[in-house]
Amino acid sequence: MIPIGDRNPARSKPVVTWLLILANLAVFVYELSLWSQGRLEEFVYTYGAVPARLSRGEAVHTLLTSMFIHAGFLHLLGNMLYLYVFGDNVEDAMGRRRYVLFYFTSGIAAMLAQIAANPDSEIPGVGASGAIAGVLGAYFITYPGARVKTLLFLGVIIRVVYLPAALVLGFWFLLQVLAGFVSLEQVSEGGVAYFAHAGGFAAGILLTPLLRKR
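Going by the numbering used here, the first residue of the sequence shown is number 544, and it counts up by one from there.
Structural data, given as structure tokens:
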């Protein structure tokens with residue numbers, strides 16, 4: 544299932560969400576320029592969140608900088624699609640200032656969850672998916688009945704259906720948890736940061752009642 548839209552119009556313009564998308568796009572363009580110069584790997588190791596370094600209390604700033612680095616175009620596209628679909632309503636529910644605090648706190652919590660899963664890893668964690676997972680958690684408890692426009696894959700058949708947000712996002716979270724435990728033996732080899740996704744989603748659920756407008 545891939546969400547591509549929702550029937551849940553926001554009451555205000557999602558300025559912060561747009562700015563976050565633009566910032567991620569700008570950093571990715573910069574990454575491409577570094578790749579052409581053969582300097583991308585150095586950049587990723589400098590600003591990506593390496594669990595082993597963070598476990599030693601080093602390079603704490605990478606908890607933030609890593610949220611804007613992506614490992615490829617599809618990685619970026621997937622993250623920005625989810626942020627575009629769900630971010631506007633969460634920003635609307637919290638207000639812009641609280642949404643900024645929520646987004647980065649969720650992202651940090653997500654990376655801490657990934658570090659807890661493998662604190663000795665030397666592989667940099669990158670991407671906005673942990674923070675966006677927090678956005679998904681906030682949407683899950685704030686708009687569980689909202690209809691999400693979803694691409695549903697049935698073998699070779701692809702259908703567009705409208706499903707409740709609770710079903711779409713609950714299924715997504717379950718997949719992250721199951722995949723995380725399945726991949727425990729391979730976590731040191733890199734790949735998808737499933738525990739960051741699950742941790743960010745859980746953080747979003749916990750933080751939303753504190754930051755949502757009354």
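C-beta: ideal position from N, C-alpha, C; glycine also.
Whole-angstrom distance between residue j and residue i, CA atom to CA atom
i: L562; j: T685; result: 23 Å
i: D635; j: A595; result: 37 Å
i: G670; j: V699; result: 30 Å
i: Y573; j: L626; result: 21 Å
i: A592; j: V711; result: 29 Å
i: L565; j: T608; result: 15 Å
i: P552; j: N632; result: 7 Å
i: A660; j: N567; result: 26 Å
i: F696; j: L706; result: 14 Å
i: L606; j: Q657; result: 11 Å
i: R550; j: L624; result: 15 Å
i: D758; j: S598; result: Residue coverage of the chain in this structure runs from 544 to 757, which leaves residue 758 outside it and unanswerable.
i: A487; j: G668; result: Past the edges of the chain, shown from 544 to 757, lies residue 487, and the structure says nothing about it.
i: R620; j: Q580; result: Sequence inspection shows Leu at residue 620; the Arg mentioned does not correspond to that position. Those two C-alpha atoms are separated by around 23 Å.
Run of the alpha helix (DSSP H) containing residue i, from where it starts to where it stops
i: G630; result: 616 to 637
i: R596; result: 594 to 598
i: I684; result: 672 to 685
i: P752; result: 737 to 754
i: E601; result: E601 -> no alpha helix (DSSP H), and no H or E assigned at all.
i: S579; result: 558 to 580
i: V669; result: It is not in any alpha helix (DSSP H) - V669 carries neither H nor E in the DSSP assignment.
i: F611; result: No alpha helix (DSSP H) holds F611; DSSP gives it neither H nor E.
Cβ shell of residue i (< 6 Å), same chain only, five flanking positions each side left out
i: Q719; result: Y737, H740, A741
i: L754; result: M637, R641, F645
i: A674; result: M610, Y646, S649, G650
Continuous beta strand (DSSP E) stretch holding residue i: start and end
i: V703; result: 700 to 707
i: R550; result: 545 to 550
i: V691; result: 690 to 697
Same chain, Cβ closer than 8 Å to residue i, neighbours up to 5 away in sequence not counted
i: G677; result: F645, Y646, T648, S649, G650, A652, A653, G743, F744, A746, G747, L750
i: S731; result: Here S731 scores only 49 on pLDDT, less than 50, and its place in the model should not be relied on; the value that follows carries that caveat. Within the same chain, S731 has close Cβ partners N661, D663, S664, I666.
i: T693; result: M544, I545, P546, I547, V703, V704, Y705, L706, V711
i: V628; result: P546, I547, G548, D549, V691
i: V643; result: V559
Option nearest residue i by Cα separation, candidates the options
i: W578; options: L607, E601, I612, L606; result: I612
i: Y682; options: A722, L694, F716; result: F716
i: V587; options: V704, F714, I666; result: I666
i: G713; options: G688, G615, S664; result: G688
i: N622; options: P546, G680, S672; result: S672
i: P752; options: V725, F724, G680; result: G680
8 Å contact criterion, which residue i and residue j should meet: CB distance rounded
i: V691; j: A708; result: 5 Å
i: V557; j: G615; result: Checking the sequence, you will find Pro at residue 557 rather than Val. Not a contact, Cβ separation roughly 26 Å.
Spatial neighbours of residue i in its chain, beta-carbon cut-off 7 Å, leaving aside the 5 residues before and after
i: S555; result: D635
i: V570; result: F611, I612
i: L583; result: E574, L577
i: Y590; result: T605, T608, S609, I612
i: K756; result: A636, M637, G638
i: H618; result: G670
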